[in-house]
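There are 2 protein chains.
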Amino acid sequence: MAAPELTARILRRLLASGLRRRAERLLARIHAADFGPLLSDLEPDEIETVLEILFAHQRAAEMLSELPPDLFRRVVDAVGDERLGTVLAQLPADDLAHLVTELPGERREAVIAHLPEESKAHLRQIELYPERSAGRVMTTDFVALDAKMTAQEAIDFVRARGADQDAESVLYLYVVDDEGRLRGVVPIRRLVTSAPERRCGELMIPDAIRVRADTDQEQAAAIVARYNLLALPVTDEDDHMLGVITVDDVIDVIREEATEDIYRLAGLHEEEHIYSPVLLSVRKRLPWMVINLATCFLAAGVVGLFERAIEQVVLLAVFMPVVAGMAGNAGIQALTVVARGIALGEAELSSAGRAVVNQSLVGLLVGAATGGAAALIASWWGTSPVMGAVVFAAIVVSMTVASLSGAGVPLVLKALGQDPALGSGVIVTTFTDAVGFLSFLGIATLALDHLL
Amino acid sequence: MAAPELTARILRRLLASGLRRRAERLLARIHAADFGPLLSDLEPDEIETVLEILFAHQRAAEMLSELPPDLFRRVVDAVGDERLGTVLAQLPADDLAHLVTELPGERREAVIAHLPEESKAHLRQIELYPERSAGRVMTTDFVALDAKMTAQEAIDFVRARGADQDAESVLYLYVVDDEGRLRGVVPIRRLVTSAPERRCGELMIPDAIRVRADTDQEQAAAIVARYNLLALPVTDEDDHMLGVITVDDVIDVIREEATEDIYRLAGLHEEEHIYSPVLLSVRKRLPWMVINLATCFLAAGVVGLFERAIEQVVLLAVFMPVVAGMAGNAGIQALTVVARGIALGEAELSSAGRAVVNQSLVGLLVGAATGGAAALIASWWGTSPVMGAVVFAAIVVSMTVASLSGAGVPLVLKALGQDPALGSGVIVTTFTDAVGFLSFLGIATLALDHLL
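These protein sequence lines map, in sequence, to chains F and A.
Residue numbering for the first sequence follows my numbering, starting at 1 and increasing by one per position.
Residue numbering for the second sequence follows my numbering, starting at 453 and increasing by one per position.
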């Protein structure tokens, strides 16, 4: 595993010197997952030569399926529809479906048209499952056994299927009845470690955990993570075996969902990533920023209610960012802890009340401590202990309410069957800003005579 | 898999009626990973009875290793040091080490004192590796083969080791030389699918990917994810085989690191979770909130520079939250995309400049669009197009600078070898607040004559 920059430099020199055979040997030793960093260090014409070599060696398909999204688009731009169709057709159905959705919209149909009939059928089949469901991420490549087979017969059966097997697809073997209904699971290690003459029907785990094809991929991933599985069988409503979700796909799902959770708190779309084209990012961020603008003006409206007070004591405008900043942070902290707890499946609605009470108490106590410090500074700055008292009271109130809403909003959204991360950020921010200004300027107005 | 509430209700009734045998049979059917939700629905005295049954059936250890942290502490509180030591000693070394660190500080030594000598030695061994390193998460339970063994001999060897084998630990078999140095890896499926008389030396993958024991766990997890591995061998500096990181531990690492990334953006400590005791949360959040208070007063200081202007045009105080709110969001969005890109290994320092330029451009364009809308509202509200122009200019400038700093700060921290997520949130927020107020109130002061 040499550094990609070094490999790129050597490769570049080989290509420039016309030493194509040696370049081919070098490329043959590179793992499919390592082409990403390598290609991003090469010039367009060099990329084309590399692609040509990979196509010639039937390795283009696996390489494409491992590229990060932006590089995938750049590489795809350099390849014609027909050639792309031929290459993609070599992939397993789930990878094919995934890459087809990653294609730029205008090319999707053209590339699909060049797929062989079998791949098109696979694609139509997979598109019947809801987006982000188990059916979309499963592979249909699995080994089905008969309960009457012996351990040795099963081993011979797997052996006869031979080397075309995917690494992950023979970790578990599935015992099905005559109609293809899942009866049980035989881990391959159990075949290997048990007496050769025992029957699969005895060796199998009968109540194997399974999911339906329309199960959300996040839920399927959580099951694999929770029970430490290496693969999870996917069935239809009558328990017919349809496919298998393997642990490597689960890792991808977990990373994807973590990204989504992080993104949603900031109002970002999951299609964005670090090297997204500028206009894509602008298009994706605009709607959320328009909502954000509306909520900002709502906060401005609250401040506007107190124009008279600010006119009389300008220092109020100076301390406004302190109260709003502290409340905003308290809200985001409570929101982050609770939303993450929900995402990790640690939050039960039955004990949701405890989470809200806990977070509010934390807000109150941290608010009292930091509010006290802020009060000292504000008293000194404003040359009046009354200003300090107002700042203290406003920070305590607004941090408590902010923590309460930060914890409560995702739980309420979850209880309503909504995504707890999606709307929470906006709602909590709006709420904390409004409460922060209202409490600070409101309390200040009450004490106005002593502030003048 | 009945709902945990239902199981809890049935269990409770069985225990109340003194039907202990039936309660035992019910518990025997529950997966170790499912005790968490079940226990959290039971009363303390019921938990004690359940624990007693699990202890009697030797299942307490696996149950403990699957509990979420807060429940683990509650359960541990109900068990004496000696009994806990006996139970924990049944766990593999990596799980033992992990749970020992989860014990409340004051009990750790007492429980360790009750561990058998062998477990203590394991623990001392594992504590030689740095925290969060591959050595800490690896299991030392793996199968080592000789290169001269045939496939059938290897299968017989695994079979002879028998049923005590962990599911994950026989997926790959490791060919080592006479001194225990890693020569290659034989996937178990390759043993099963190849001719029985072939030698392991021919079957093995010679250049197997491996990591050193002091490798960061996040890096090890990224390698497993990238190359779709099911297990990753861990060696010392002389390539002696020490252990194996299995994919189920990798999933835990990936989730843990994702939580950490989400938490750090909000200034939270990874020890916190949704049901943390209030005082723990207060203690963990206070330092960050004190820093945040300081940065808030920094922003207040910026506003303070413009007291005169606000005194003359109070509407400036009203629109301040709009500019700061928009800039703050733009900064967080750029920060989130870039920090996540770094965490997923998509960001190369060589192309970091492009990311900063892209994000700044996005900030500029989104700023122009939303700033235009804000300007219309501000003009109408302030009854002067000059106020609109000031708001527009301030939003564009501050959102651009906020995006630039949001993208730049984590990349600079990474280049300096620091954690890109850790300090970024505070730095970016401070920066955006200061820039937001400075640009808005500064531009307003320049145009003050036209605003009066």
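Even for Gly, the Cβ is constructed at its ideal location relative to N, Cα and C.
These figures come from a predicted structure and were not determined experimentally.
Determine the direct distance from the alpha carbon of residue j to that of residue i, and round the result to whole angstroms.
i              : j              : result
L91 (chain F)  : D45 (chain F)  : 26 angstroms
H574 (chain A) : T592 (chain A) : 10 angstroms
A97 (chain F)  : L898 (chain A) : 57 angstroms
V158 (chain F) : I188 (chain F) : 10 angstroms
G888 (chain A) : T788 (chain A) : 19 angstroms
D616 (chain A) : E346 (chain F) : Confidence in D616 (chain A) is poor, its pLDDT being 49 and thus under 50, which makes the residue's placement too unreliable to answer from.
L14 (chain F)  : A8 (chain F)   : 10 angstroms
L694 (chain A) : T687 (chain A) : 5 angstroms
L67 (chain F)  : D433 (chain F) : 42 angstroms
I332 (chain F) : A402 (chain F) : 8 angstroms
G363 (chain F) : L720 (chain A) : 13 angstroms
F749 (chain A) : G328 (chain F) : 14 angstroms
D701 (chain A) : D493 (chain A) : 27 angstroms
L463 (chain A) : S517 (chain A) : 22 angstroms
L796 (chain A) : L900 (chain A) : 48 angstroms
Quick check on the DSSP output: the beta strand (DSSP E) that includes residue i runs from which residue to which?
i              : result
R183 (chain F) : 182–187
M693 (chain A) : 693–698
L685 (chain A) : As written in the sequence, residue 685 (chain A) is Pro, which differs from the Leu given in the question. Taken as a continuous stretch (DSSP letters only), the beta strand (DSSP E) holding P685 (chain A) covers 683–687.
V622 (chain A) : It is not in any beta strand (DSSP E) - V622 (chain A) carries neither H nor E in the DSSP assignment.
Quick one: is residue i near chain A, going by C-beta distance under 9 angstroms?
i              : result
V390 (chain F) : no
A225 (chain F) : yes
S351 (chain F) : yes
Q333 (chain F) : yes
V338 (chain F) : yes
M1 (chain F)   : Note on M1 (chain F): pLDDT 44, under 50, position unreliable in the model; no value is reported.
P420 (chain F) : no
R132 (chain F) : no
Kindly indicate the opening and closing residues of the alpha helix (DSSP H) around residue i.
i              : result
L315 (chain F) : 315–343
H902 (chain A) : 900–903
P277 (chain F) : That residue, P277 (chain F), is in no alpha helix (DSSP H); it is neither H nor E in DSSP.
V50 (chain F)  : 44–56
P37 (chain F)  : 35–40
K414 (chain F) : 385–415
E106 (chain F) : 105–113
A599 (chain A) : Careful: A599 (chain A) lies outside any alpha helix (DSSP H) and carries neither H nor E.
G690 (chain A) : According to the sequence shown, residue 690 (chain A) is Asp rather than Gly. Unbroken run through D690 (chain A): none, as it is neither H nor E.
N358 (chain F) : 352–382
V75 (chain F)  : 69–77
M656 (chain A) : No alpha helix (DSSP H) holds M656 (chain A); DSSP gives it neither H nor E.
Would you say residue i reaches chain F, if we count a Cβ-Cβ gap shorter than 9 angstroms as a contact?
i              : result
Y626 (chain A) : no
D497 (chain A) : no
S733 (chain A) : yes
I578 (chain A) : no
T643 (chain A) : It should be noted that the sequence gives Leu, not Thr, for residue 643 (chain A). Judged by the 9 angstroms Cβ criterion, L643 (chain A) is in contact with chain F.
P489 (chain A) : yes
D713 (chain A) : yes
V730 (chain A) : yes
T881 (chain A) : yes
Given the structure, does residue i come close to the ligand HEM, in the sense that its CB is under 8 angstroms from one of the ligand's heavy atoms?
i              : result
V814 (chain A) : Ligands in the displayed structure: none, and consequently the ligand HEM is not present.
The segment 521–540 of chain A: positions lying closer than 7 angstroms to chain F by Cβ: none
Three CB pairs or more closer than 8 angstroms across the segment 259–274 of chain F and the segment 413–427 of chain F: The segment 259–274 of chain F, when compared against the segment 413–427 of chain F, does touch it at the 8 angstroms Cβ threshold.
Interface positions of the segment 765–779 of chain A facing chain F (Cβ-Cβ less than 9 angstroms), listed along the chain: V766, L767, L768, A769, V770, F771, M772, P773, V774, V775, A776, G777, M778
Residues, ordered as in the chain, of the segment 737–762 of chain A that lie near chain F by beta-carbon distance below 7 angstroms: R737, L738, M741, V742, N744, L745, C748, F749, A751, A752, V755, G756, E759, I762
Chain A contacts from the segment 232–252 of chain F (Cβ-Cβ distance under 8 angstroms): V247, D248, V250, I251, D252
Residues of the segment 354–385 of chain F whose Cβ lies closer than 7 angstroms to any Cβ of chain A, in chain order: R354, A355, N358, L361, V362, L365, V366, A369, T370, A373, A374, I377
The segment 722–741 of chain A in contact with the segment 347–364 of chain F per 3-pair CB rule at 8 angstroms: yes
Residues from the segment 883–900 of chain A in contact with chain F, defined by Cβ distance under 8 angstroms: D885, F889
Sufficient close CB pairs (3 or more, under 8 angstroms) joining the segment 594–607 of chain A to the segment 561–579 of chain A: no
Sufficient close CB pairs (3 or more, under 8 angstroms) joining the segment 554–569 of chain A to the segment 643–661 of chain A: no
Inter-stretch contact (C-beta, 8 angstroms, three-pair minimum) for the segment 32–39 of chain F and the segment 58–67 of chain F: yes
The segment 632–639 of chain A contacting the segment 649–664 of chain A, beta-carbon criterion three pairs below 8 angstroms: Enough Cβ pairs lie closer than 8 angstroms, so yes.
Three or more C-beta pairs below 8 angstroms linking the segment 388–408 of chain F and the segment 312–324 of chain F: yes
Cβ-based contacts, 9 angstroms cut-off: residues of the segment 403–415 of chain F near chain A: A407
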